[in-house]
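Protein chains in written order, with full-length UniProt numbering: chain F, 1 to 786; chain H, 1 to 121.
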Amino acid sequence: MIPPNQIKISLITAPEFNLEYLWWLTILFFVLSVIYFVGVFIIRNKITSNNSRTKNKKVEFSPMINEFLFYEDSNTKEEKMNYLNLKVQIRELIKNNFDRDVLTEVLLDLRKDLSGQSQTVLIDLYKDLGLHHNAYEKLGSRKWQVVSSGILELTTMEVDESYGLLIKFINHKQSTIRKQAEIAVVNLKEEGIKYFLDNTKFKIAEWQQLKLLDVLRHKPNYSPPQFGLWLTSTNIHVVLFSLRLIKYYSQNDAEQSIITLLKHKNRDIQAEAIECIKDFHFVNALKTLKLVYSKASHDIKIAILDAIGELGTKAEISFLENLHLTERNFNIKSKVIGTLNKIDPERVLPTKNISKPDFYDVICDDALQEEDLSIIDNHEDIILEDKNADVSTEVDVETTTTEDITVISPTVEENVALNDIEEATVEELIQKDETALDVDEIKKVKSLEDIDLSFLPHIKDEEALEEIKENETVVDSEQVQELEEEEQEVLKEEEELTFSFLPYVVEEDVIQQVTTSYKDDDFQPLFELDDESMEDTQEQSSINPLNNISTNINNGLDWSTLNSEKIEQNKVDINTADSAEPLISFENDNISFTANFMPQEELDAMVLLENISELGDCRELILLYQIIEENSSEVVIERANELIQKFSYQSPRPNELFSDDNDLAESVFTDIYNLADYETKLMLIGEIKKVGDEKEIDLLNNVIQTESKTLVKKATEALAHIKSQLAVVTDHSIIASDEDSIFNVGFELEFNRPTEHKRSVSNENGSTLFDQLCSMSNSLYRKKNG
Amino acid sequence: MGKSVLLADDDQLLASLLNFRLKKGGYVVHHSANGKEVKEYLKNKMPDIIVSDIMMPYCSGIELIDYVRNELKSKTPIIIISSAGNEQNVLTAFELGANDFITKPVSPTELLVRIAREISK
């Protein structure tokens, strides 16, 4: 009989563990749990009983305190006697530490709830009973929380005598003690704030400043010192707090110091000084305000502008107008405009999104041309500015382009008549690149010939199309009629040519550029297609460039298929960074398009390849090779090669599948067997016999060679069984493969000769997927039929 | 026999102190520590004046005013004791029919004067 502690359960490969230790650990854990729960129980009971005792003591003390609080000299003799007795009694009681603590607690609680005469009597009682000595003892404690509670107690009970003891804590390293001491020092004596501001070395938190201010506010008959004295402090927090106190107590006797603080490196101090200047209306600070403006942060700049708005006169307008021209930050610029209007009301009028009066007049042809030219100039100038970073910086971009100002250059004034979309585009461009623009240089660029139009993008979106249609209304009525007629003719003819299979993706800028640039002279053919059959269409559609583009877009012209040859012939320089094949040419105000279409055969081949790509697999490899042989087009060959590569990668070759290196050749039992104990091994061999296949042959052979007799016997049986099973399965499979044409897939997996197959079965190094599937189905079949 | 005062406050120390002061001022004081007790007491007897804290367990001072004014249909003067800065509660109390309020920290003498004034009305 094996003792229970020696039975090994080795189904899993966990390290062996002595059960004896496990028992000891269980007992230890149990004991610790009991100790823990008993401890919790005892502590909880102790706290409860302590609370109960305290409560009872409070009830006991309460009438005594009431007697003390409401004792009057006019009381009767009996009452006086009672009072004296109580006094003696309470003095006896407070000899006990617990009682003394409870009494202190009661008095502190009542101090919070009582006011008036009762509060004064309460504080006197506290001192009279000598309870503050306990608080002094607490100050000497090593525990910061005890020290802090001692300071709080002395502060609450207004023990002025403790001031000398508490001032040393204002620079304590422990922040809680320090903060408590700061409040105590300020609270206990009037000169406490002076001592504190003179001596504190640490930061005064915002919350602490509020608390200190609250203490000062509630001090009866408090006369504040001149806080301007601390504006020279080396502690910036003291300076900041002093500024706030100066502002609170309206002490305007430190004007020069406050103005000097505008130049302080600390932003908070700067901001607080500006607030003081504003509150006290220090007009002398205007000069310094303007001086520090240039190097101030955004917040400070806004504060300064606010102060200038409060204090400034019309003398500051030139300064503000200069800021208006130079300032680029949106918020600050808005503040500048606001300040300008505050000093000089309605100096800056709203111009944003407001059209000029002549915008609503009937637009004559000449005016239209001029306006178009100005629009083109403006657009091109801005884009040029965007492209060429080295444009000189004489005039700020915003001053020449944004419309929310009255002081605008002539070029910009022309732009006021632009529609909202154009304005938005301009602003976006400006925001992206805030570099300045040379107006003189812009003016030089007047004709289309001088402009490098290579920046024109090739695509246009639908929104822009709508805008084009809107812009068409600018053209005079006669032109519109003519254009409409021509457009209809073009549309009729183009119905015969369908480009709907091509996607249309057009970028906004192209259309806008064309829209803004057309005029009578510009109504020339914009582009021509290579296809001869489209020549007639070209003649019609080129009458109106706008219609030309829009109709082609509507027909779904894929510009990406346009050829560059024509453009090269026309010697047009298009320098777009990302377009290696220029599609549009500009010459003598004409824009030409060139397009070459695929030959039909090539197109068919491409369609076939795309279908293969979508639906095909490795079986299409032969066809793909065939396509390569038959076609000479580079595009087709390239695409076919891509697909060959794709399908070759997708389908593992049968040779690879049957190789010895394949994971399928290894038995799943091997790892488990190697880690198992004797009994498990026996069980595993039994399982192998039941469900195993040729992959287990290696393992079984290995067992036969290395293991003990019993295992060898079992393994031999299993091996014989598997081999007999495999022989049956392969016979069936061969017959099935011969009879059924479905399995005749025509690739390398061929079982023409039974001898070869038997050799593969007996091959110790590997197996095939097919064999594996057969053996699995066989074992499943056997299991199902018992 | 003096006027009867119902003192409703869950703070034992303060209640004891006010109780003592009111008794000393010649009033007959009944103290209840929560709203439930107050309601029970009011079903049986209506005091000459009610002094109630706003924050009480089971039934707040606001609910108590509503109970006295709308359910008991009593016009007994009610003085509310509230914490400083609790303006909204005070306004609500007045809307419901409170006669006066006093903020903590309380001056017992001041409370006595206010009670006397309300009773005399």
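Built from N, CA and C at the ideal position, the CB exists for glycine as well. Since the structure is predicted, the reported quantities are computational estimates derived from the model, not experimental observations.
Query	Result
The beta strand (DSSP E) enclosing residue 76/H, as first and last residue numbers	That residue, residue 76/H, is in no beta strand (DSSP E); it is neither H nor E in DSSP.
Among 234/F, 219/F, 54/F and 169/F, the one whose alpha carbon lies nearest that of residue 191/F	219/F
Cβ distance (whole Å) where residue 304/F is taken to contact residue 324/F below 8 Å	Going by Cβ atoms, the distance from residue 304/F to residue 324/F rounds to 15 Å, so no, they are not a contact pair.
Residues that residue 62/F contacts on chain H, provided the C-beta gap is smaller than 9 Å	12, 13, 16, 17 and 20
Start-to-end residues for the alpha helix (DSSP H) that takes in residue 92/H	87-96
Other residues of its chain near residue 312/F: CB distance less than 7 Å, five sequence neighbours each side excluded	286 and 343
Inter-residue spacing [alpha-carbon to alpha-carbon] between residue 170/F and residue 209/F	14 Å
Chain-ordered residues of the region 115-129 of chain F with a beta carbon less than 9 Å from chain H	115, 116, 117, 118 and 119
Partners in chain H for residue 106/F, counting only beta-carbon separations shorter than 7 Å	13
N- and C-terminal bounds of the alpha helix (DSSP H) containing residue 15/H	12-24
For residue 309/F and residue 79/H, the rounded distance between their alpha carbons	51 Å
Cβ pair count under 8 Å reaching 3, the region 107-114 of chain F against the region 84-103 of chain H	no
Closest by C-alpha distance to residue 206/F, when choosing among 258/F, 236/F and 46/F	236/F
Cβ neighbours of residue 183/F in the same chain (closer than 7 Å, five flanking residues each side left out)	155, 211, 212 and 215
Best match in 621/F, 611/F and 631/F for proximity to residue 602/F [C-alpha to C-alpha]	631/F
Residue environment, residue 43/H, which counts as buried when at least 16 other CB atoms sit within 10 Å	exposed
Beta bridge counterpart(s) of residue 30/H as assigned by DSSP	6/H
is_contact[residue 83/H, chain F] using C-beta, thresh 7 Å	no
With 16 other Cβ atoms within 10 Å as the buried cut-off, status of residue 133/F	exposed
Under 7 Å from the C-beta of residue 106/H: neighbouring residues of chain F	113, 114 and 115
Inter-residue spacing [alpha-carbon to alpha-carbon] between residue 19/H and residue 74/F	20 Å
Near the ligand ADP: residue 90/H beta-carbon under 6 Å from a heavy atom	The ligand ADP is not among the ligands present in this structure, which contains no ligands whatsoever.
Short CB-CB distance (under 7 Å) between residue 73/F and chain H	no
Residue 280/F at chain H interface by Cβ criterion, 7 Å	no
Straight-line gap, residue 278/F to residue 340/F (C-alpha atoms, nearest Å)	17 Å
Contact under 7 Å by Cβ, residue 158/F with residue 123/F	yes
Cβ pair count under 8 Å reaching 3, the region 716-725 of chain F against the region 677-693 of chain F	yes
Secondary structure of residue 46/F, DSSP reduced to three states	helix
Residue span of the beta strand (DSSP E) that contains residue 106/H, given as start and end	It is not in any beta strand (DSSP E) - residue 106/H carries neither H nor E in the DSSP assignment.
8 Å contact criterion, which residue 67/F and residue 82/F should meet: CB distance rounded	7 Å
Min CB distance residue 3/H to chain F below 7 Å	no
Residue 43/F, buried or exposed, once every other Cβ within 10 Å from all chains shown has been counted against 16	exposed
Inter-residue Cα distance where the pair is residue 230/F and residue 292/F	23 Å
When 29/H, 90/H, 45/H and 74/H are compared against residue 62/H, the one with the closest alpha-carbon	90/H
Contacts around residue 272/F, its chain only, beta-carbon distance under 7 Å, and the 5 residues preceding and following it disregarded	240, 243 and 244
Residue 793/F, buried or exposed, once every other Cβ within 10 Å from all chains shown has been counted against 16	Because chain F is modelled from 1 through 786, residue 793/F falls outside the range shown and cannot be assessed.
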